[in-house]
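Visitor: Chains as they are written, first to last, in the numbering used here: chain U, 3 to 209; chain W, 5 to 96. The beta-carbon is built from N, C-alpha and C at its ideal position, and this holds for glycine as well.
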Amino acid sequence: MRGSLIVVGFFALGCLLGAGGGLPEAWIKGDASLYVLYLLMFQVGLSIGSDKKLKEILRSIRPRLLLVPLATIVGTLTFSAAVSLLLVKWSLMDCLAVGSGFAYYSLSSILITQLKEPSLGVQLATELGTIALMANIMREIMALLGAPLFARYFGRLAPICAGGATTMDTTLPVITRYAGKKLVFVSILHGILVDLSVPFFVSFFCS
Amino acid sequence: MFTVIGIMFAGIGAGYLLRRVGWLQKVGTSITYTIYLLLFLLGLSVGANREIVDNLATLGGQALLLAVAGTTGSVLAAWAVGNWFFKEGKRK
Chain U
3 MRGSLIVVGF FALGCLLGAG GGLPEAWIKG DASLYVLYLL MFQVGLSIGS DKKLKEILRS
63 IRPRLLLVPL ATIVGTLTFS AAVSLLLVKW SLMDCLAVGS GFAYYSLSSI LITQLKEPSL
123 GVQLATELGT IALMANIMRE IMALLGAPLF ARYFGRLAPI CAGGATTMDT TLPVITRYAG
183 KKLVFVSILH GILVDLSVPF FVSFFCS
Chain W
5 MFTVIGIMFA GIGAGYLLRR VGWLQKVGTS ITYTIYLLLF LLGLSVGANR EIVDNLATLG
65 GQALLLAVAG TTGSVLAAWA VGNWFFKEGK RK
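1. From this set, U/63, U/15, U/185, U/93, which residue's C-alpha is nearest residue 46 of chain W's C-alpha?
2. By the criterion of Cβ-Cβ separation under 8 angstroms, what are the contact partners of residue 40 of chain U in chain W?
3. Would residue 150 of chain U pass as an interface residue toward chain W - the criterion being a Cβ-Cβ separation below 8 angstroms?
4. Distance cutoff 8 angstroms, beta carbons only. Does residue 38 of chain W sit that close to anything in chain U?
5. Which whole runs of the alpha helix (DSSP H) in the stretch 22-57 of chain U are 4 residues long or more, in chain order?
6. So, for residue 50 of chain W: in the same chain, excluding its five sequence neighbours on each side, which residues have a beta-carbon less than 7 angstroms away from its beta-carbon?
7. Are the stretch 192-200 of chain U and the stretch 163-183 of chain U touching by the rule of at least three beta carbon pairs closer than 8 angstroms?
8. Around the Cβ of residue 138 of chain U, are there at least 16 other Cβ atoms within 10 angstroms (buried) or fewer (exposed)?
9. Indicate whether at least one CB of chain U lies closer than 8 angstroms to the CB of residue 75 of chain W.
10. Taking Cβ-Cβ distances shorter than 9 angstroms, what residues in chain U pair up with residue 17 of chain W?
11. Using a Cβ-Cβ cut-off of 8 angstroms, state whether residue 61 of chain W counts as contacting chain U.
12. Rounded C-beta distance between residue 148 of chain U and residue 74 of chain W? I'm assuming under 8 angstroms.
13. Is there a C-beta anywhere in chain U that falls below 8 angstroms from the one on residue 64 of chain W?
14. Which residue wins for smallest C-alpha separation from residue 24 of chain W, given the options U/53, U/199, U/188?
15. Run through chain B and tell me which residues come within less than 8 angstroms of residue 32 of chain W, C-beta to C-beta.
16. Under 8 angstroms by Cβ, that's how I've got residue 48 of chain W and residue 19 of chain U pegged, so tell me the actual separation to the nearest angstrom.
Below, the structure is given as structure tokens:
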């Protein structure tokens, strides 16, 4: 939760400075952020490739456990697709791109802003990126606050699936508390796999 | 799209080859700072964008709808998977 507050703080600081005006045009147009995004993706790759534990974790996966991240992905994408019928402004692919952030708000909002630009134009791409940022922060908050409720009415896997990509770090404590200690490993595995899927799904729905 | 994924794969390859290099295990910290920088830059373009600032409430409403949908969908799917495949693990 502290991490999310810092992220929102940086975003808000940017908003204030941007609204104040007087900044170089190039900063605002987002050319710089494309290259910083490339830098970020390279680092994400580095961390995946050099992770020593990842190999062991991937080896210890039993096929049945893959059903949990699969449920998260299928459930989220189905309902996000349904919402596109209500939001006339946004297409099916736009809604799926926002949904496939799976609460990983920082990466998904940046990817959407950059990758939707060729098809939607700068204005709409920035709007959709802002929606992605807010929607995925809200999802993390819902997963944190709703965990006891989800566990009680929809079973112990529900708080895990609600948490999306965050179930290995920010939402792990509440999940452990309400879904039980037995599911810690499932929760971490779920978080890692959903987290890894975010860049693929978001880029796919932006293409 | 392919540039971003391609760069990530290049990173995975480089990370795997260099996995014994000590400082690579700290790349998580620099990812965090890069994310701060990127969200600051995203904030700059959002703040400078009158149309977005004026419509923040509308955009927030749309975001809320998508957040509720995503959470509901995955909770229901979790319930289905739990019922069909993990029944013996359930108490009561």
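Guide: In short, the structure shows the following:
1. Of the candidates U/63, U/15, U/185, U/93, U/15 places its Cα closest to the Cα of residue 46 of chain W.
2. Close partners of residue 40 of chain U in chain W (Cβ separation under 8 angstroms): 7, 8, 11.
3. No, no contact with chain W.
4. So yes, residue 38 of chain W belongs to the interface.
5. Taking 4 residues as the minimum length, the alpha helix (DSSP H) runs contained wholly in the stretch 22-57 of chain U are 27-31, 33-52, in order along the chain.
6. The residues are 56.
7. With the rule of 3 Cβ pairs closer than 8 angstroms, the stretch 192-200 of chain U counts as touching the stretch 163-183 of chain U.
8. Buried, by the Cβ-count rule.
9. Interface annotation, residue 75 of chain W: in contact with chain U, CB-CB separation under 8 angstroms.
10. Within chain U, the residues near residue 17 of chain W are 47, 51.
11. It does not; no Cβ of chain U falls within 8 angstroms.
12. Contact flag wrong, Cβ pair sits at about 12 angstroms.
13. At least one chain U Cβ lies under 8 angstroms of residue 64 of chain W.
14. Closest option to residue 24 of chain W, Cα to Cα, is U/53.
15. Chain labels in this structure do not include chain B; the protein chains are U and W.
16. Going by Cβ atoms, the distance from residue 48 of chain W to residue 19 of chain U rounds to 6 angstroms, so yes, they are a contact pair.
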